[in-house]
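Chains as they are written, first to last, in this note's numbering: chain G, 1 to 457; chain F, 1 to 457; chain D, 1 to 457; chain L, 1 to 457.
Note that CB positions come from ideal geometry on N, CA and C, so glycine has one too.
So the structure is just underneath, and the comments pick up after that.
4 protein chains.
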Amino acid sequence: MDLVIKNGTIVTATETYRADIGIQGESIALIGHDLEGNETIDAKGLYVMPGGIDPHTHMELPFMGTVSADDFRTGTIAAACGGTTTIIDFAIQRTGQTLRQALEIWQQRAGGKVCVDYGLHMAIGSIDNERIAEMEDMAEEGVPSFKIFLAYKGNYMVDDETLFRTLLRAKEIGGLVLVHAENGDVLNYLINKHVAEGRKEPIWHALSHPPEAEAEATHRAVVLAGMTEAPLYVVHMTCAGSLDALKVGREKGFRVFGETCPQYLMFTMDKYEEPNFEGAKFVMSPPLRPKGNPEALWKGLTNGDLQTVGTDHCPFNFVGQKDMGKDDFSMIPNGMPAVETRVPLIYHFGVNAGRFSINRFVELVSTEPARLFGLLPRKGTIVVGADADLLLWDPKKRFKLSQKNLHMNVDYSPYEDVTVEGYPAKVLQRGKVIVEDNQFVGKDGAGQFLKRDRFRL
Amino acid sequence: MDLVIKNGTIVTATETYRADIGIQGESIALIGHDLEGNETIDAKGLYVMPGGIDPHTHMELPFMGTVSADDFRTGTIAAACGGTTTIIDFAIQRTGQTLRQALEIWQQRAGGKVCVDYGLHMAIGSIDNERIAEMEDMAEEGVPSFKIFLAYKGNYMVDDETLFRTLLRAKEIGGLVLVHAENGDVLNYLINKHVAEGRKEPIWHALSHPPEAEAEATHRAVVLAGMTEAPLYVVHMTCAGSLDALKVGREKGFRVFGETCPQYLMFTMDKYEEPNFEGAKFVMSPPLRPKGNPEALWKGLTNGDLQTVGTDHCPFNFVGQKDMGKDDFSMIPNGMPAVETRVPLIYHFGVNAGRFSINRFVELVSTEPARLFGLLPRKGTIVVGADADLLLWDPKKRFKLSQKNLHMNVDYSPYEDVTVEGYPAKVLQRGKVIVEDNQFVGKDGAGQFLKRDRFRL
Amino acid sequence: MDLVIKNGTIVTATETYRADIGIQGESIALIGHDLEGNETIDAKGLYVMPGGIDPHTHMELPFMGTVSADDFRTGTIAAACGGTTTIIDFAIQRTGQTLRQALEIWQQRAGGKVCVDYGLHMAIGSIDNERIAEMEDMAEEGVPSFKIFLAYKGNYMVDDETLFRTLLRAKEIGGLVLVHAENGDVLNYLINKHVAEGRKEPIWHALSHPPEAEAEATHRAVVLAGMTEAPLYVVHMTCAGSLDALKVGREKGFRVFGETCPQYLMFTMDKYEEPNFEGAKFVMSPPLRPKGNPEALWKGLTNGDLQTVGTDHCPFNFVGQKDMGKDDFSMIPNGMPAVETRVPLIYHFGVNAGRFSINRFVELVSTEPARLFGLLPRKGTIVVGADADLLLWDPKKRFKLSQKNLHMNVDYSPYEDVTVEGYPAKVLQRGKVIVEDNQFVGKDGAGQFLKRDRFRL
Amino acid sequence: MDLVIKNGTIVTATETYRADIGIQGESIALIGHDLEGNETIDAKGLYVMPGGIDPHTHMELPFMGTVSADDFRTGTIAAACGGTTTIIDFAIQRTGQTLRQALEIWQQRAGGKVCVDYGLHMAIGSIDNERIAEMEDMAEEGVPSFKIFLAYKGNYMVDDETLFRTLLRAKEIGGLVLVHAENGDVLNYLINKHVAEGRKEPIWHALSHPPEAEAEATHRAVVLAGMTEAPLYVVHMTCAGSLDALKVGREKGFRVFGETCPQYLMFTMDKYEEPNFEGAKFVMSPPLRPKGNPEALWKGLTNGDLQTVGTDHCPFNFVGQKDMGKDDFSMIPNGMPAVETRVPLIYHFGVNAGRFSINRFVELVSTEPARLFGLLPRKGTIVVGADADLLLWDPKKRFKLSQKNLHMNVDYSPYEDVTVEGYPAKVLQRGKVIVEDNQFVGKDGAGQFLKRDRFRL
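As structure tokens, then:
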């Protein structure tokens with residue numbers, strides 16, 4: 001063996017047990033006791049878990065007249081430091097582009113910079129028959145997941161007929177449709193009205209994106225998924241109403257899945273009323289919600305009604321970007337830094353708080369994203385033959401989540417001064433240590449593009 | 001290695017992958033590629049899965065004036081042949097006995113005969129302060145699960161205060177309460193009334209045990225579990241109404257779990273109207289249900305609303321036992337042969353029928369029973385350090401489930417002439433092959449008593 | 001008193017009692033015992049009920065290249081003969097018209113011909129800011145109810161923003177929005193696809209209008225009504241899924257109301273598979289539904305989840321109209337004759353069948369339509385000061401609902417050979433007998449336009 | 001006419017209209033305009049409504065070692081002053097008594113003292129075959145409603161078999177079963193435990209009667225009502241969970257009805273933590289509930305999920321009675337003064353607050369109790385032939401609900417200093433003015449026993 005991880009406690013979505021892991025090249029080659037190798041890492045007192053998989057990031061995304069502050073380099077270094085060894089970002093097709101063109105643009109953007117392995121979803125900004133015809137090609141290229149927007153009227157928003165057709169085609173080719181579920185018609189009306197009538201503070205962002213508009217769109221997408229018998233993945237779910245819609249679908253036997261993000265578990269909409277434009281730091285779509293919703297989402301993670309935790313990582317600097325909307329909430333770039341803090345937050349507020357087991361934690365942040373997006377068992381678990389993407393997790397390590405301790409390329413942290421217990425001691429990707437002592441020690445641009453499998457039961 | 005399983009496809013609750021398994025003594029010692037051992041078994045074309053765990057059997061149970069037809073020897077040989085390497089049977093405490101006495105009686109009954117590993121739940125027939133005080137002792141003995149009856153008025157049935165107190169105590173000691181959830185008051189009225197008025201055919205058994213009475217009792221038990229914050233396991237759930245009650249509890253964050261059995265998935269209550277007293281073969285409590293219920297249960301298995309498939313295995317011969325109730329349904333011994341056919345039926349009608357993945361199948365018949373009842377990861381999965389209880393599963397093998405092909409000690413099969421695809425090629429327990437070519441080749445009485453861990457999240 | 005109705009049993013939404021009714025001119029002037037008048041009608045053995053109010057008819061509607069077969073004369077004579085003394089029809093605004101123009105066109109159409117009193121809803125076919133601005137004028141004219149279509153993509157269908165704005169405006173002016181709730185996007189896709197692929201028989205009409213598409217649109221409209229705190233009336237509800245959506249809204253305190261029609265209570269979609277194009281007689285939108293749905297609707301009428309029974313009366317002759325779609329279901333004019341049979345069917349299959357009381361029957365077919373549409377207490381009940389629109393109902397009279405016994409101007413009856421028990425003996429409008437022995441004896445064109453009040457709690 | 005009420009606005013459950021009411025003897029004889037009589041009352045500016053009907057009172061009830069503070073004289077004078085002209089009290093059968101004996105005792109207790117008309121429910125404290133056999137006699141005596149307790153273990157509490165049998169018998173004879181729905185087993189455990197462990201302040205009364213225990217028992221009773229197809233009336237519902245149970249039953253088509261009381265609409269359980277034992281004033285069963293529940297109940301009244309508002313009037317003096325439990329909440333007599341304030345509170349916080357219409361108000365406090373308990377149309381509405389029990393309601397009259405302004409024979413008011421707008425100007429019973437200027441001016445003991453009709457749809 002090239003490398004042996006000794007004396008650790010292996011934790012997967014199912015089991016917690018003591019064994020050594022032997023790594024040959026980039027893969028896990030042997031699991032047993034008392035293994036020997038050219039090199040060894042002593043994992044005594046540590047959990048050895050599969051590396052985190054963040055199914056929802058937006059690195060260097062051109063958006064609202066600016067670009068998200070993390071590029072594929074800084075963002076994936078941050079991901080790695082926080083325990084995430086795989087991201088799935090979004091290629092975004094715009095009017096006039098083919099899907100293939102969009103894919104190439106995004107692969108070029110990532111290539112040479114990306115520091116963890118990555119896959120891409122294809123966000124279809126402008127759908128017509130030709131784009132639908134291209135979906136099979138994308139699946140063949142390892143991009144079998146397609147994002148549709150029910151929000152952003154006048155831009156990405158599609159009508160229900162398009163959603164219906166996309167679902168039908170996805171089902172045929174083993175694709176999985178992702179949906180941004182907010183009723184863009186309602187949002188459009190409210191945003192225009194509030195802005196026109198001079199209500200422009202950050203709180204009006206939330207009041208222009210009411211939870212009912214999300215719940216409604218989620219319900220609609222779930223019903224259409226049921227009608228077409230196509231699988232559906234609802235991104236960034238934030239509220240009890242949406243969760244109800246998803247549950248009803250799942251109980252009918254629809255294959256519908258839901259993702260939430262740490263920010264919706266940690267905060268409520270009173271953040272928007274903080275003085276000095278501080279609320280802008282939390283402006284994103286959907287927005288933070290009224291009290292009660294986070295607890296509903298936590299329950300959904302516990303009882304299986306929600307399947308994954310992603311981040312929708314899309315940071316903008318407070319100075320120079322967020323302040324573009326100083327005088328008008330509708331001009332505040334939407335998004336938050338999140339990719340680095342996801343794993344520690346879910347561990348601390350999930351496992352330490354007694355909400356769910358450490359196995360369920362692994363399932364939420366790694367195994368289930370891998371399963372849904374065609375990466376299991378190469379990623380997302382610890383078995384012989386898998387990539388040796390390993391998180392050596394120190395459950396005793398206390399860490400303060402301040403902007404200066406974190407690696408994301410943004411001038412603030414929404415979690416400033418939150419201290420968590422449990423943090424990566426080391427992170428390995430494909431057999432190489434890439435993080436040690438909260439420093440990235442891997443090779444720049446060594447992340448690989450992942451051709452993902454098609455969706456299956 | 002003493003023994004290596006080569007070339008198989010390992011299937012667990014989470015992963016499907018190719019690797020060899022090295023066994024040393026009774027345990028899995030090594031997982032890797034190209035392993036070598038003193039002996040090898042070629043598992044090419046086979047799935048290698050953890051042995052089945054049946055969390056609900058009744059071997060040689062004295063009941064209704066007779067004794068269930070399988071003793072611990074015949075019943076566990078049958079279990080093994082059908083792919084089940086662990087059963088959890090019930091010690092049943094009766095008025096005047098301590099729990100310890102009941103435990104000893106049942107251990108003596110099993111000892112020397114039992115051919116697969118076994119645990120025991122403690123069914124408490126008569127609860128008072130002393131029995132509640134004894135619960136901690138039982139947990140210490142590896143029996144941390146306690147069964148309570150809301151049915152069988154005048155016999156085992158307890159009142160809600162007793163259920164409440166048992167739940168509270170179970171929570172304190174890491175115990176798990178199992179509940180037979182039917183409203184015994186309603187049943188008692190209906191049985192007496194129908195018998196008194198001369199309605200004595202088997203169909204009246206079903207009509208005396210309406211699904212509403214089960215749904216009500218399930219709801220009640222779930223509410224009390226929620227109030228006490230104690231975990232609860234509802235045995236043999238049969239109908240959509242009960243499932244709804246469980247779901248509502250789970251959505252509120254209660255730790256409530258449900259088991260169904262193959263017979264409730266395969267049959268409906270029209271069976272009771274078959275001529276020549278054939279319906280008696282299906283008399284059990286709860287009974288078979290109206291159409292629609294099986295599909296609801298299947299959905300529950302698929303979407304996670306139900307957690308396990310047990311059997312409530314409790315066979316009685318058609319001639320000599322079932323016919324005790326020839327003239328009065330209330331005298332028909334309640335129960336069915338089931339332990340041997342569980343794993344193949346769930347595979348065939350679950351996985352082959354496209355209802356769920358093979359991983360979910362493993363979870364339902366092995367992993368989840370292990371987790372809930374304190375056996376994981378020793379049993380219920382395939383990891384280094386676990387008992388080498390392995391099922392070499394031939395997905396191509398077709399098998400006719402007739403009485404003469406099966407090993408249960410009973411004169412009929414409810415599945416006569418049902419043919420399934422997928423059946424055990426070999427079964428190993430703790431490193432030894434105990435089934436080959438549908439024959440038990442293990443050692444009589446070699447099953448071990450399992451001291452189970454207490455319940456945890 | 002000009003006229004006294006003696007010896008009858010008065011039945012309202014609340015009470016059943018014996019008293020005489022004295023009529024002076026067009027109104028009820030006195031209720032008491034032993035009243036005397038210039039004329040008397042002996043109502044011994046009869047129920048005296050308020051005349052039926054049909055809140056949903058389409059007389060002489062230009063639609064799908066033809067015109068509905070009843071004009072305001074024949075249709076209202078039929079209405080009267082069946083016990084309905086008030087209809088609310090629809091003025092339909094088309095692109096390029098003002099609401100006022102549409103109103104005038106429809107008043108001209110009805111004027112001089114209409115034989116019972118009538119109101120008009122305003123169906124807005126093409127909404128923009130000017131039309132929304134005009135809503136207040138319409139309310140002022142006694143037309144405070146506005147219909148919106150979520151179906152008929154490319155024609156009447158509006159987007160959600162328009163629905164949202166219309167609801168907001170309706171709330172401000174005391175208006176009530178009516179919605180045709182089917183997802184027009186989904187319908188459009190399915191219709192085009194089935195026709196393009198050669199599936200053109202009547203059954204494909206139903207399969208192009210699935211119940212999920214109705215349930216989804218109902219849910220969406222209900223959510224938007226809740227967000228805007230505007231009242232909403234969902235027309236022609238047909239299925240359990242829609243009813244669920246309405247119920248959820250009502251339980252949240254939204255002021256949302258639902259109408260079903262007799263055809264959805266009486267038939268299921270197997271009608272479409274009848275030979276010889278017979279299914280075309282039942283082609284309408286939404287279509288008939290699978291088994292189970294009618295019983296759900298009946299329950300909704302019983303327990304208050306549904307508020308009214310209308311008809312969507314819109315007959316087309318089988319020969320010469322329905323057969324326009326002989327080769328293509330999408331060319332079959334949508335609609336059915338219904339205005340004459342509504343009251344007897346609901347009485348027979350509601351009251352006689354034990355589903356609800358006679359008071360609830362009166363509420364469903366008369367009082368509640370009056371309340372919701374601003375006619376109570378002038379219409380819809382029996383109190384001093386109300387219009388003397390009275391139904392003298394013979395509960396013993398048996399009547400065969402065949403095309404030749406009915407007065408609607410159409411060449412078939414969907415209820416051919418259904419016999420009901422309970423039928424009008426006489427019908428009075430504003431103090432005059434207008435139906436006797438199943439013959440219209442009133443004056444042609446004597447119906448009056450009703451300026452209705454705005455919606456209030 | 002003996003008496004004419006002129007110029008008022010008549011308000012019933014359905015209509016609001018202007019007319020005069022002519023009274024001959026004790027009954028309404030004529031409704032019309034410009035009526036003349038020997039006497040007239042000018043009701044200009046007043047609403048004329050049917051007298052209130054309180055379906056749930058306990059006058060001079062021996063309970064917990066004392067007797068409720070209002071006897072049938074003081075209690076019914078108070079009722080009248082508050083606008084209630086009919087009460088339905090409870091005869092309570094105790095072990096060893098026949099139902100007939102209980103009925104006679106309570107009729108003697110009321111006779112000669114009672115100042116408004118009254119009916120009696122039969123509370124069955126100890127049920128056996130003979131008591132069930134007696135139910136038909138009671139119905140024949142005008143007592144067709146039977147109360148069963150699922151609480152008070154060791155006293156009134158019955159098991160589910162008894163509830164089931166009582167429902168079955170009630171259905172056969174046109175009876176209506178009332179149920180006090182709390183799980184007495186759970187309550188018994190909690191009360192004993194808290195008292196034994198020294199937690200004896202009033203708040204522990206609430207914590208011994210958790211809302212889940214009420215919701216569970218309500219659900220159970222509703223399920224059993226559904227199984228037996230018997231009607232059921234759940235008294236004093238207090239919480240969202242119970243309401244959910246009722247709703248589910250009603251949606252399944254069960255004939256189940258719910259009552260709440262003003263105290264559950266007005267207060268929450270923080271009242272129990274008031275200093276100086278003030279919380280004792282609110283000790284009753286079920287207790288006040290956490291925040292959120294009142295709003296759920298109000299919604300239930302608005303949308304029809306709840307049917308009536310009763311009071312459970314059962315006052316005990318703060319000094320001399322409530323203080324029996326100074327040192328132990330379980331010794332505080334359970335109950336509150338309520339009969340006099342019900343009608344004004346529901347008007348003010350229902351109608352004035354915009355929660356529902358004045359017609360719905362009349363339905364809740366008068367018409368629906370009359371309908372369910374076999375008094376309509378003699379009581380509960382305004383029609384010719386009905387008893388002239390009339391409430392002349394002054395919507396402008398402001399009234400402070402303090403103990404000194406009220407007539408109940410108790411030393412405190414829970415509503416001290418609450419001011420309502422809308423109060424009786426005059427109250428008539430059977431044609432006689434019995435309340436004027438907030439003074440009882442009727443004749444002592446002039447109330448009559450009401451033989452009520454059996455339950456029908």
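Cut-off 7 Å between Cβ atoms - residues of its own chain near residue i, not counting five sequence neighbours on either side
| i | result |
| --- | --- |
| residue 33 of chain G | 19 and 20 |
Buried versus exposed, by CB contacts within 10 Å (16 or more), residue i
| i | result |
| --- | --- |
| residue 441 of chain G | exposed |
| residue 457 of chain D | exposed |
| residue 379 of chain F | buried |
| residue 359 of chain D | buried |
| residue 309 of chain F | buried |
Beta-carbon proximity list for residue i, same chain, < 6 Å, skipping 5 on both sides
| i | result |
| --- | --- |
| residue 237 of chain L | 258 and 260 |
| residue 49 of chain L | 11, 362, 391 and 393 |
Simplified DSSP state of residue i, which is helix, strand or coil
| i | result |
| --- | --- |
| residue 373 of chain L | coil |
| residue 189 of chain G | helix |
| residue 27 of chain F | strand |
| residue 330 of chain L | helix |
| residue 205 of chain G | helix |
| residue 287 of chain D | coil |
| residue 21 of chain G | strand |
| residue 404 of chain G | helix |
Contact list for residue i against chain G, beta-carbon separation under 7 Å
| i | result |
| --- | --- |
| residue 185 of chain D | 159, 160, 161 and 164 |
Contacts of residue i in chain F (Cβ-Cβ under 8 Å)
| i | result |
| --- | --- |
| residue 226 of chain L | 212 |
Neighbouring residues, chain G, relative to residue i (Cβ below 8 Å)
| i | result |
| --- | --- |
| residue 299 of chain F | 251, 252 and 253 |
Own chain residues within Cβ distance below 8 Å of residue i, not counting five before or after
| i | result |
| --- | --- |
| residue 419 of chain F | 398, 399, 400 and 401 |
For this session: Check each residue of the stretch 350 to 361 of chain G: if its Cβ is closer than 8 Å to any Cβ of chain F, include it; give the result in chain order.
Result: 354, 356 and 357
For this session: Could you run through the stretch 189 to 220 of chain F and flag, in chain order, every residue whose CB is less than 8 Å away from some CB of chain L?
Result: 189, 210, 212, 213, 215, 216, 219 and 220
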